[in-house]
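These protein sequence lines map, in sequence, to chains U and V. If you're matching positions, the first sequence starts at 1 in the numbering used here and goes up one per residue. If you're matching positions, the second sequence starts at 1001 in the numbering used here and goes up one per residue. Everything on this sheet refers to the single structure shown next.
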Amino acid sequence: MFDFSDSRRTIGRRRFLQGAGVLGAALAAGPAWADASVTLNLPGGPNEREFTTSFPEKGRMILQRTRPPLLETPLEVFDQGVFTPNDQFFVRWHWAVIPDQVDAAAFRLAVRGHVNSALSLSLSDILALPRVELAAVNQCSGNSRGLYQPRIAGAQWENGAMGNARWTGVRLRDVLDRAGVKAGAVAVRFNGMDEPVVDGAPDFMKSLDIDHARDGEVMLAYQMNGAQLPLLNGFPLRLIVPGWYSTYWVKMLNDIEVLAAPDDNYWMVTAYRIPDTPGANVKPGETGFKTVPINRMVPRSFFTNLTGATTVKPGASVPVRGIAFGGDCGVARVDLSVDEGRTWQQTTLGRDEGTYSFRQWTAQVAAPESGSLTLMARCTNTKDVTQSAEPTWNPAGFMRNVIEHVRVPVAA
Amino acid sequence: MALTIRLKVVLCAASAVAVGCLVAGVPPLRTLLSVFPAQAEQASPPGAPPAATAVTAAGITLHSVSVDLPGSDRMFPGADADAINNNCLACHSAGMVLDQPALKRAVWQQEVEKMRSQFKAPVDEHDVPAIVAWLAAHKGVE
């Protein structure tokens, strides 16, 4: 059985040794520095990031931005299991005015707009509604943006702007039904308690079509993985939109507005748009294409126990392990190639925790006698959509899902 | 420009410019927004933290939360950094920019314009060339 704590020590020591060559004796005193930073693999860099434990209710995270916070989940967390611990779940805020206090007793969720009766719901009211539970991956639209070439301005995530949790809460449909959606409603808009720093800047809001909002899967979560949400992950309520990118998963949700006309707010009509092309793919510099709001996720798979910094012994039988998700549906299969994609072998899928969850996959491969073990992992979802063989590109760096490669050196 | 920066930043700006207080290591900016109702605050002695409350219903308890979010004292380096330090740190910390890849000058120009026009950043247009120049010099590519 893989021992996570041992793995961490190995990574720490490797980093320590790398650093010692450059910085010399000053660092020889202790391994504390070894875990103080991480080297990402973004083409052209910069690749050094600090680890931080300074954020409330959060553990050790890769610091991408202090204010407003952007915190990335370290890769090794995904090897521990398919559910991402709350204290290492990634964090992403658009605006720096984030309430630092939330009184559970005073909190109210407004449900208003094109409804028969506007509501002001307390957390007690919401807890009393029928309870639902669902495992779902929450992934930033721009997860892995830092890996695009040419590079793109924005949060320079590697692959850790994603996480999977078991969400507990209530169906959005049940909340909307209590208010009574009027005929003619076309969309539902969601707003949280965060605010722009400057007046006149666009408050962060997102909307879903009315039929999507009422599909019985979209929910308001008050727990993730059996505990209340960390404030930075959206306490006390977060919108859960299974299979859709995280931009829709509005945090600190306190306002739901049913709209009788399409939402024209900035975050729907200007930001978070993708090219309306297959795979949202365009050529760098291309213009004149139609765009649509980003929406459903696409399949991905990742290696979690091997990186280019690990080594394998000559001829060894090597356990290979990773996670996958189908995007807007389940994982049908994850295939592994050891010959640059010429042939593929099916991996063994772990327990199915639900359509929208991470799914672990495992395989055993033989290492070559010398050189390196080159691996590729490819997820195909239950709609028979498979990962992109070649990297795609779009101006905002969204929806990356190219087949992952890892080249592990053989070393005796 | 007569844009009002919200209270959180104004407090900071009162000691110097927004940037100055970051440099001086003033404790992390605290959000003044609160969802505590006025009567709850009046019930507490001045300066005392609001009483921790919780809501329990249907077998689940949700506890009130009060946290401190860390600030950053990172600055843009160099003798040419006054404009970028004075204009850009009210909305976001410097690390976001310092960790960007090298980008073309035209891309940096677009980014600064986006901050002004779309995100309403109160950046004086006379400072834009100096900001873009810093970005092109320190984070640029031909």
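All C-beta atoms in this analysis are idealised placements derived from N, C-alpha and C, irrespective of residue type, glycine included. Quick caveat, the model's predicted, so the values are computed rather than measured.
Contact set between residue i and chain U, taken where Cβ atoms lie within less than 8 Å
i, result
"V:Phe1076", "Neighbours of V:Phe1076 on chain U: none; closest Cβ ~14 Å, over 8 Å."
"V:Ile1131", "Result: empty, since nearest Cβ-Cβ is about 14 Å, beyond 8 Å."
8 Å CB neighbourhood of residue i in its chain, flanking five on each side removed
i, result
"V:Gly972", "Only positions 1001 to 1142 of chain V appear in the structure, and residue 972 of chain V is not among them; the question remains open."
"U:Asn47", "Thr39, Leu40, Asn41"
"U:Gln364", "Ser317, Val318, Pro319, Val320"
"V:Ala1055", "In the sequence under discussion, the amino acid at residue 1055 of chain V is Val, which differs from the Ala named in the question. Excluding positions up to five away in sequence, the list reads Thr1061, Leu1062."
"U:Phe289", "Pro275, Asp276, Thr277, Val282"
Residues near residue i by beta carbon distance below 6 Å, same chain, minus five either side
i, result
"V:Ala1083", "Asp1127, Ala1130, Ile1131"
"U:Gly341", "Met376"
"U:Thr380", "Ala332, Arg333, Thr386"
Counted within 10 angstroms of its Cβ, other Cβ atoms place residue i as buried (16 or more) or exposed
i, result
"U:Thr343", "exposed"
"V:Val1123", "buried"
"U:Gln139", "buried"
"U:Gly113", "buried"
"U:Gln88", "buried"
"V:Ser1064", "buried"
"U:Lys313", "exposed"
"U:Pro242", "buried"
"U:Asp339", "exposed"
"U:Asp276", "exposed"
"V:Glu1142", "exposed"
"U:Ala412", "exposed"
"U:Lys251", "buried"
"U:Asp211", "exposed"
"V:Val1010", "Annotation note: pLDDT 35 at V:Val1010 (below 50); position unreliable, coordinate value reported separately. Its Cβ having fewer than 16 others within 10 Å, V:Val1010 is exposed."
"U:Asp255", "buried"
Given residue i as reference, the closest of the options once Cα atoms are compared
i, options, result
"U:Asn401", "U:Val408, U:Val250, U:Met376, U:Tyr266", "U:Met376"
"U:Gly330", "U:Arg273, U:Ala136, U:Ser117", "U:Ala136"
"V:Asp1068", "U:Ile98, U:Ser207, U:Arg151", "U:Ile98"
"U:Phe51", "U:Asp35, U:Arg65, U:Gly44", "U:Asp35"
"V:Met1096", "U:Pro130, U:Gly146, U:Val292", "U:Gly146"
"U:Tyr356", "U:Ser337, U:Val188, U:Val408, U:Gly327", "U:Gly327"
"U:Glu390", "U:Ile403, U:Asp384, U:Ala183, U:Gly397", "U:Ile403"
"U:Gly163", "U:Asn233, U:Asn295, U:Ala201, U:Thr307", "U:Asn233"
"V:Arg1116", "U:Ser144, U:Gln101, U:Pro202, U:Ser337", "U:Pro202"
"U:Pro293", "U:Ala396, U:Val115, U:Gly226", "U:Ala396"
Beta-carbon gap between residue i and residue j smaller than 8 Å
i, j, result
"U:Gln360", "U:Arg300", "no"
"U:Ala169", "U:Ile240", "According to the sequence displayed, residue 169 of chain U carries Gly and not Ala. For U:Gly169 and U:Ile240, yes; Cβs fall inside 8 Å."
"U:Lys58", "U:Pro236", "no"
"U:Leu123", "U:Phe190", "no"
"V:Ala1058", "U:Ala128", "yes"
"U:Ala399", "U:Val282", "First, the residue type needs correcting, since residue 399 of chain U is Met and not Ala in the sequence shown. Contact: no."
"U:Gln221", "U:Thr392", "For the record, residue 221 of chain U in the displayed sequence is Ala; it is not Gln. No. Outside cutoff."
"U:Phe90", "U:Glu76", "no"
"U:Gly142", "U:Ala161", "yes"
"U:Trp95", "U:Val197", "yes"
Within chain V, the residues that residue i reaches when beta carbons sit closer than 7 Å
i, result
"U:Phe235", "Val1065"
"U:Arg67", "Gly1071, Ser1072, His1092, Ser1093"
Chain U contact residues for residue i, given Cβ-Cβ distances below 9 Å
i, result
"V:Gln1109", "Residues of chain U passing the Cβ test: none, with the nearest at roughly 11 Å."
"V:Pro1101", "Leu42, Pro43, Gly44, Gly45, Pro46, Gly146, Pro150, Arg151, Ile152, Ala153, Gln156"
Contact set between residue i and chain U, taken where Cβ atoms lie within less than 7 Å
i, result
"V:Leu1135", "What V:Leu1135 touches in chain U: nothing, since even the nearest Cβ is about 10 Å away."
"V:Gly1140", "Correct list: empty, because the minimum Cβ distance to chain U is about 12 Å."
"V:Ala1057", "Ser124, Leu127, Ala128"
"V:Ala1054", "Ala104"
"V:Ile1084", "Chain U residues near V:Ile1084: none, gap ~15 Å exceeds 7 Å."
Contacts that residue i makes with chain V (C-beta to C-beta distance below 9 Å)
i, result
"U:Thr270", "Gln1118"
"U:Glu57", "Val1065, Val1067"
"U:Leu119", "Result: empty, since nearest Cβ-Cβ is about 16 Å, beyond 9 Å."
Under 8 Å by beta carbon: chain V residues contacting residue i
i, result
"U:Ser54", "Pro1070"
"U:Leu231", "Val1065, Val1067"
Chain-order list of residues whose beta-carbon lies under 7 Å from that of residue i (same chain, five-residue window excluded)
i, result
"U:Pro69", "Phe55, Val91, Trp93, Leu232"
"U:Thr310", "Val408"
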